[in-house]
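Visitor:
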Amino acid sequence: MLNFGYCCINLTLQKSGVVTSRTMRKATFLEKGITYASQLALANVTDLKKIIEWNAAKNVKVFRVTSELFPWSSEYSLSDLPDYKRISDILLECGTLARVSNIRLSAHPSHFVKLASSKENVVKAAIKDLETHSEFFDLMGLEASHWNPLNIHIGCSFSEEASAKFCDNFYRLSPNLQKRLVVENDDKGSCYSVQQLHQYITEKIKTPITFDYFHHSFHTQGVPEREAALLAAQTWRDKLPLFHYSDSKKIYEEFSGNPRAHADYIYNKIVEHVPCDIDLEAKAKELALLKYRNN
DNA sequence: CATGGTCAAGTGGCA
DNA sequence: TGCCACTTGACCATG
Numbered sequence: 332m333l334n335f336g337y338c339c340i341n342l343t344l345q346k347s348g349v350v351t352s353r354t355m356r357k358a359t360f361l362e363k364g365i366t367y368a369s370q371l372a373l374a375n376v377t378d379l380k381k382i383i384e385w386n387a388a389k390n391v392k393v394f395r396v397t398s399e400l401f402p403w404s405s406e407y408s409l410s411d412l413p414d415y416k417r418i419s420d421i422l423l424e425c426g427t428l429a430r431v432s433n434i435r436l437s438a439h440p441s442h443f444v445k446l447a448s449s450k451e452n453v454v455k456a457a458i459k460d461l462e463t464h465s466e467f468f469d470l471m472g473l474e475a476s477h478w479n480p481l482n483i484h485i486g487c488s489f490s491e492e493a494s495a496k497f498c499d500n501f502y503r504l505s506p507n508l509q510k511r512l513v514v515e516n517d518d519k520g521s522c523y524s525v526q527q528l529h530q531y532i533t534e535k536i537k538t539p540i541t542f543d544y545f546h547h548s549f550h551t552q553g554v555p556e557r558e559a560a561l562l563a564a565q566t567w568r569d570k571l572p573l574f575h576y577s578d579s580k581k582i583y584e585e586f587s588g589n590p591r592a593h594a595d596y597i598y599n600k601i602v603e604h605v606p607c608d609i610d611l612e613a614k615a616k617e618l619a620l621l622k623y624r625n626n
């Protein structure tokens, strides 16, 4: 029932040059434009397929796809890419391989996605970014559901206004994107806890809650972990929840910096409060997953 | 060809 | 006021 996954990067394959987040700086994009962006995107999706093949071979059933497949995608439409046909074909191969291998794919659009922002230009950019994710999920042939979720944070301090803004803007999203979107609890006291997401977001727009164990530990609002996990789990209705887990680098790896920093590996036995899949947000990526699974 | 300084974006927290 | 962190380091000028 429960499967573990890892996020975006495969360190084993990376050593032989397999990466999915090739990008470029602004000056390079201005100089080389969409033609070069297309080349990088083609190389990225080509390598994405290799990672999914690796996952299938290693029986890894949950994987988060990078949000950097398409460099500077805010500046163009995917269908404008010169290599669009080849890219689409490879993405469909990726999605098909994932489906027949029963691998659950997801994505986590960046912290710059602020759907609750009071600035219209910020909201527009957020929508564009999210729609691009939904579009390449469509190109992979993934079903439009929370089985393949697009996970984001509310991204600002909790308030009635921000909550209303987020919910209003949710209805500006395309139907497939609405069916994929899920929201994650934050680790800062001023931001959205599981309870606040539930009351002010999910109650209104039915968006499932991604329970992040580590974030919750910094912002419980008095709700015990088990209770928060159960509250989040019930929002997924007929789909198995997809949660996030990481351990503190400061506590387990003699690191003196930010206690919120993620450790390379998993050190605790993860308490499975409910049936769910879990993304391990560990810096050692698939190595951390294999190590945890072998224990 | 290795490396370290630098790099699109929003927001909040902290020194 | 300015820097850091965040789902993920990668780019590229310099030596």
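Counting from 332, one number per residue, gives the positions in the first sequence under the numbering used here.
The C-beta atom is built at its ideal place from N, Cα and C for all residues, glycine as well.
Assign H593 to one of three DSSP states: helix, strand, or coil.
Guide: Strand, per DSSP.
Visitor: Could you tell me the alpha carbon to alpha carbon distance between E556 and F443, rounded to whole angstroms?
Guide: Looking at the two C-alpha atoms, the distance is approximately 28 Å.
Visitor: Below 8 Å on the Cβ atoms is my guess for D517 versus L573; work out the distance and round it to an integer in Å.
Guide: Not really, about 17 Å apart at Cβ, beyond 8 Å.
Visitor: Apply the 10 Å Cβ neighbour rule to I582 and answer buried if 16 or more other Cβ atoms are within range, or exposed otherwise.
Guide: Burial call: exposed.
Visitor: Whole beta strand (DSSP E) runs in the segment 542-596 with 3 or more residues, listed along the chain?
Guide: Fully enclosed beta strand (DSSP E) runs of 3 or longer: 573-576.
Visitor: According to DSSP, L611 sits in a beta bridge with which residue or residues?
Guide: BP columns for L611 point to Y576.
Visitor: Report the option in R568, D569 and H593 whose CA atom is closest to the CA atom of K580.
Guide: Checked all of R568, D569 and H593; the closest Cα to K580 is H593.
Visitor: I'd like the ranges of any alpha helix (DSSP H) spanning at least 4 consecutive residues and lying wholly in the segment 506-545.
Guide: Listed in chain order, they are 506-511 and 525-528.
Visitor: Could you say which of F489, S352 and H550 lies nearest to Q530 if we only look at CA atoms?
Guide: Nearest C-alpha to Q530: F489.
Visitor: Taking the C-alpha atoms as reference points, what is the distance between V391 and T351?
Guide: When rounded, the distance between both Cα atoms is 18 Å.
Visitor: Confirm, please, whether the CB-CB distance from F497 to L446 is below 8 Å.
Guide: In this structure, F497 lies closer than 8 Å to L446 by Cβ.
Visitor: CB-CB under 7 Å to W641, same chain, minus the five flanking residues each way: which ones, in chain order?
Guide: A question about residue 641 goes unanswered here, because the residues of the chain that appear run from 332 up to 626.
Visitor: Measure from the alpha carbon of D420 to the alpha carbon of each residue in V376, S441, S449 and K346, then state which is nearest.
Guide: Minimum Cα distance to D420 is reached at V376.
Visitor: Between the C-alpha atoms of Y407 and I365, what's the straight-line distance to the nearest angstrom?
Guide: In a straight line, the C-alpha of Y407 is about 8 Å away from that of I365.
Visitor: Considering just the uninterrupted stretch of the alpha helix (DSSP H) at G486, what are its terminal residues?
Guide: Per DSSP, G486 belongs to no alpha helix (DSSP H) and is neither H nor E.
Visitor: When you compare the CB positions of P505 and S448, do they come within less than 8 Å of one another, or not?
Guide: The sequence given here has Ser at residue 505, not Pro. Contact flag unset, no.
Visitor: Quick check on the DSSP output: the alpha helix (DSSP H) that includes S419 runs from which residue to which?
Guide: That run of the alpha helix (DSSP H) goes Y415 to V431.
Visitor: Using the C-alpha atoms, what's the distance from F335 back to K357?
Guide: Approximately 36 Å between the Cα atoms of the pair.
Visitor: Nearest CA to the CA of Q527: which residue from D499, A495, R511 and A438?
Guide: For Q527, the nearest C-alpha among the options comes from A495.
Visitor: Just to confirm, is the Cβ distance from F467 to L512 under 8 Å?
Guide: Against a cut-off of 8 Å, the Cβ pair of L512 and F467 comes out as no contact.
Visitor: Residue range of the alpha helix (DSSP H) that V349 falls in?
Guide: From DSSP, V349 is part of no alpha helix (DSSP H); its letter is neither H nor E.
Visitor: How many angstroms separate the CA atom of E612 from the CA atom of A559?
Guide: Cα to Cα, the separation comes out at about 19 Å.
Visitor: To which residues of the same chain is D378 closer than 7 Å at the C-beta, ignoring the five residues directly before and after it?
Guide: Contacts found: V349, V350 and T351.
Visitor: Please classify A388: is it buried, with 16 or more other beta-carbons within 10 angstroms of its beta-carbon, or exposed?
Guide: By the 10 Å Cβ count, A388 comes out exposed.
Visitor: Can you give me the C-alpha to C-alpha distance between E491 and L470, rounded to a whole angstrom?
Guide: Near 36 Å, if we compare the C-alpha coordinates of L470 and E491.
Visitor: Which of the three DSSP states is assigned to S404 in this structure?
Guide: Note: S404 maps to helix in three-state DSSP.
Visitor: Have a look at the DSSP bridge pairing and note the partners of Y337.
Guide: DSSP, once it has assigned bridges, lists F394 as partnering Y337.
Visitor: Which same chain residues, not among the five before or five after L400, have their C-beta less than 8 Å away from its C-beta?
Guide: Closer than 8 Å at Cβ, skipping near neighbours: T351, S352, A372, N375, V376, L379 and F467.
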